[in-house]
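Each residue of the first sequence is one higher than the one before, starting from 0 at the first, in numbering that gives the first Met the number 0.
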Amino acid sequence: MPHEQSVTPSAPYLQGLNPPQRQAVETLDGPVLILAGAGTGKTRALTARVAHLLQTGTATPGQILAVTFTNKAANELRHRVSGLLGGIDVAGWWIGTFHSLAARMLRRHAELVGLRSNFTIIDDDDQLRLLKQVLELQGVDSKTINPKLILGIIDKWKNMGLTPDRVPNFNAGELPQPLTGPQLMAIYRNFQERLVTLNACDFGDLLLHLVTIFRDPANGVLAQYHARYTHILVDEYQDTNTIQYQWLHLLSQARHNLCCVGDDDQSIYSWRGADVSNILNFEKDFPEATIIRLEQNYRSTKPILAAANGLIAHNKGRLGKNLWTEEHSDDLVQITVTMDQSDEARFVAEQIESVQRKNVSLDEIAVLVRASSQMRAFEERFNTFGISYRVIGGPRFYERQEIRDALGYFRLINQHNDDLAFERIVNVPKRGLGAKTISDLQIAARRLQRPLFPAVEYLIQTDELKTGPRLTLTKFVGDIHRWLGLVATMSLRDWAAKVLEESGYVAMWRDDKSIEAAGRLDNLKELVSAMSNFDSLGAFLEHVALVMENQERKEEPRVTLMTLHAAKGLEYAHVFLPGWEEGLFPNQRSMDDSGLAGLEEERRLAYVGITRAKHKATITYALRRQTYGEYTDTVPSRFIEELPGDTVSDERQKMKNVWAQGGLGAAVSTQRWGGGTPNWGQKKWSPQPKTPLVIDADIVVVNPSSAFRVGQRVFHEKFGYGKVTDIDDDKLDVSFEKAGTKKVLDRFVNIVEK
DNA sequence: AATACCTGGGTTTTT
DNA sequence: CCCAGGTATT
0 MPHEQSVTPS
10 APYLQGLNPP
20 QRQAVETLDG
30 PVLILAGAGT
40 GKTRALTARV
50 AHLLQTGTAT
60 PGQILAVTFT
70 NKAANELRHR
80 VSGLLGGIDV
90 AGWWIGTFHS
100 LAARMLRRHA
110 ELVGLRSNFT
120 IIDDDDQLRL
130 LKQVLELQGV
140 DSKTINPKLI
150 LGIIDKWKNM
160 GLTPDRVPNF
170 NAGELPQPLT
180 GPQLMAIYRN
190 FQERLVTLNA
200 CDFGDLLLHL
210 VTIFRDPANG
220 VLAQYHARYT
230 HILVDEYQDT
240 NTIQYQWLHL
250 LSQARHNLCC
260 VGDDDQSIYS
270 WRGADVSNIL
280 NFEKDFPEAT
290 IIRLEQNYRS
300 TKPILAAANG
310 LIAHNKGRLG
320 KNLWTEEHSD
330 DLVQITVTMD
340 QSDEARFVAE
350 QIESVQRKNV
360 SLDEIAVLVR
370 ASSQMRAFEE
380 RFNTFGISYR
390 VIGGPRFYER
400 QEIRDALGYF
410 RLINQHNDDL
420 AFERIVNVPK
430 RGLGAKTISD
440 LQIAARRLQR
450 PLFPAVEYLI
460 QTDELKTGPR
470 LTLTKFVGDI
480 HRWLGLVATM
490 SLRDWAAKVL
500 EESGYVAMWR
510 DDKSIEAAGR
520 LDNLKELVSA
530 MSNFDSLGAF
540 LEHVALVMEN
550 QERKEEPRVT
560 LMTLHAAKGL
570 EYAHVFLPGW
580 EEGLFPNQRS
590 MDDSGLAGLE
600 EERRLAYVGI
610 TRAKHKATIT
620 YALRRQTYGE
630 YTDTVPSRFI
640 EELPGDTVSD
650 ERQKMKNVWA
660 QGGLGAAVST
670 QRWGGGTPNW
680 GQKKWSPQPK
690 TPLVIDADIV
700 VVNPSSAFRV
710 GQRVFHEKFG
720 YGKVTDIDDD
730 KLDVSFEKAG
740 TKKVLDRFVN
750 IVEK
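Structure, rendered in structure tokens:
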């Protein structure tokens, strides 16, 4: 490790940096906030900063903690840091996602929160299954109360850093009736206790437990980390939630050497607990902070940036930033209207073909949708056109049934208290342990106050079980122990194959005559071969839990089809943005749930979408769209009006002419355009509601005091949409779609006329 | 244990 | 309309 104090101005990693980037790299001490707009080279600055920390001797690799949100970002950072430093091995460095770093730390201190260091990290699916069990045990009927709703509340608490003893008193109106506050708290407590019993964590717990440990000075853990990490770097800071914020601030409170990179205009995860105010308040948190703005964009052309800038300017409460570029272009942002979603998909497909003819690779083209329900039309059309495409964000490899089953075996072998794994595989393949036996085991385990596997180990030595199950379970328990004994004696890959073979799991699919069986066997093979990259079972399971990614292999060029959320951080020569319609984008539910804040987040999403484009962006919308089987006429997105006129090329008039000649869309009658669209024919469309606060044009207030009847659809400012189930004078029982059943005063709800 | 029917729910989902 | 999950049926 070179330790020279001065670095020549020509240090290779400094070359080609613009002045603010260079400042971002060289301001090593004290809190730094780098406001990095889309395409401004933030990863470049971040990697150079790491190199600079090391080259100047300011920090050693072990003293740097670099945090990202996604594995992809973490890998890129690792890779590029390694590259800048001449390909050195960065394997042991503390560069990773919030969750992977937290897991790594928590394994060292697990006992402080009642866990053992080999705890299992459970995914959403297991989380929900576990909660359902807790609910059942507590006599809460999961038909009256949606478990997902409760899980949502618990997750939210975890995201806010609230362990059960820290949850403040909450408004009874906020909880799903007929649940009471104490009941909800009991559920949370039991859920957490159950997790500890199973020696397991959900994602939220990884950070929550760690912060719990950090908060207690008596254990000295935080002080230990203070001594260890002198410099902390955080990517995508605008997406941090409260617990992540607390974690970062606890870790950095000794030295304040916290460098955060982010873009408030790209905060699109508030619905997952991300809190933009974390980045907005950075200066308040650290009055001595250096704020650096990266505004020169190296990705997009002038019209694209001007369109994006003009759009995002409609948001309030920004830190303020204007991207600029030297890249001229005559290609304006194109706006086109189509008749319906299938027409829209055809239009995009045709455009893709024409772009392709200009020698643009399909890899450089993306279709970014607001909702995954939009995807089908494109998939169908791409198939008929013979355009190859890939969908990002479909079902994941590790979520497939056969993979989860296989992992169930590995998990149970690794960690005997993992009841969720036990339940999953104890009778897969069929071993004659039916529902009755399983439920007997659960009752016995509860009585013995042990997880299932240890309880079974005990039970098979008693005469409590019938002979059949006893013999089966004896063999099962023996197998699990035997496989555990073998794991260190051979390669992980061979071991896994052996377990899957000997358990009869592979045979189960081999004997299965259904169409999917062969594919499942292939997947299992892939799983086993992927395990050769790991040298311990624990490491493999950790990878699976935290890195749920498909290893994407390079194939022929394909168009990428994905949601706007999935597109953050990516770039394409040509980007298609379909479905710019009121209600879809900006999305109605987002606005119902969060009002103006929701609308602004939708606008940021639009901003992210446009800024993905390097050379050309094409926005489309359909005049009518089929939702839940019914066609509805649409209203163009207000975002279209918000794009500065000189940045867009409005092709809508042109389209109308084509239709008039009957040259397009034979499948759809042209008659609807006759007098249908109100603003038709005007050169510039009259603006959509100038005051974006008009949340829903369908809401009409009808004499608020007396117009209610049972079954009436209503809207409540806070709880959203619902149906009246009972009326008592001015008090209504309303079953809300999202918030559950509540008593509300009639003057707080509006009648919805559809 | 396998199959048929029914009901509810359908925005985004970094880990 | 279309899917998943749960319940009822055989």
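We put the beta carbon where it would ideally sit given N, CA and C, even for glycine.
Here the structure is a predicted model, which is why all the values come from computation and not from measurement.
Judged by DSSP in its simplified three-state form, residue 284 adopts helix. Taken atom to atom, the span from the alpha-carbon of residue 10 to that of residue 69 is near 30 Å. The residue among 318, 132, 297 with its C-alpha nearest the C-alpha of residue 279 is 318. Residue range 146–158 is occupied by the alpha helix (DSSP H) that includes residue 149, with no beta strand (DSSP E) assigned at that position.
Within the same chain, Cβ atoms closer than 6 Å to the Cβ of residue 116 are found at 106, 109, the five residues on either side in sequence being excluded.
Sixteen is the threshold: when 16 or more other Cβ atoms of the shown chains lie within 10 Å of the Cβ of residue 374, as they do, the residue is buried.
In the structure shown, residue 647 adopts extended strand secondary structure according to DSSP, grouped into three states. Within a 10 Å sphere around the beta-carbon of residue 434 sit fewer than 16 other beta-carbons, which makes this residue exposed.
For residue 575, the enclosing beta strand (DSSP E) begins and ends at 571–576. Close CB contacts of residue 99 within its chain, under the 6 Å cut and outside five residues either way in sequence, are with 545 (chain order). If you draw a straight line from the Cα of residue 341 to the Cα of residue 266, it comes to about 31 Å. Rounded to the nearest whole angstrom, the C-alpha separation of residue 274 and residue 248 is 15 Å. Its chain contains 267, 563 as the residues whose beta carbon lies nearer than 7 Å to that of residue 604, once the 5 sequence neighbours on both sides are disregarded; these appear in chain order. Under DSSP, residue 615 forms a beta bridge with 573. The residue among 184, 78, 193, 507 with its C-alpha nearest the C-alpha of residue 126 is 193. With 16 or more other Cβ atoms from the protein chains shown falling within 10 Å of its own Cβ, residue 160 counts as buried. Beta-bridge annotation (DSSP): residue 623 is paired with 632. The distance from the Cβ of residue 585 to that of residue 309 is about 16 Å, inconsistent with a contact at the 8 Å cut-off. Between residue 420 and residue 381, the beta carbon gap of about 39 Å keeps them out of contact (Cβ cut-off 8 Å). Going by beta carbons, residue 306 and residue 646 fall inside the 7 Å limit. Cα atoms of residue 57 and residue 242: separation of roughly 29 Å, rounded to the nearest angstrom. Linking residue 339 to residue 355 through their CA atoms gives a straight-line distance of about 24 Å. Shown here, residue 504 sits in a helix according to DSSP, grouped into three states. Between residue 519 and residue 141, the alpha-carbon positions lie close to 32 Å from each other. Out of 407, 261, 396, the CA that lies nearest to the CA of residue 547 is found in 396. In the structure shown, residue 489 adopts coil according to DSSP, grouped into three states. In this structure, residue 456 lies away from residue 36, with their beta-carbon atoms at least 7 Å apart. In terms of Cβ geometry, residue 263 and residue 237 form a close pair [threshold 7 Å].
Around residue 253, the same chain offers 225 as residues with beta carbons nearer than 7 Å, after the five sequence neighbours per side are excluded.
When rounded, the separation of the alpha-carbon atoms in residue 343 and residue 316 is 35 Å. Judged by DSSP in its simplified three-state form, residue 724 adopts strand.
Per the DSSP secondary-structure output, residue 457 pairs with nothing in a beta bridge. Less than 7 Å separates the beta-carbon of residue 621 from that of residue 337. Residue burial annotation: residue 269 is buried, with at least 16 other C-beta atoms found within 10 angstroms of its C-beta.
The Cβ atoms of residue 597 and residue 589 lie closer than 7 Å to each other. Partner residues in the beta bridge of residue 366, as assigned by DSSP, are 560, 575.
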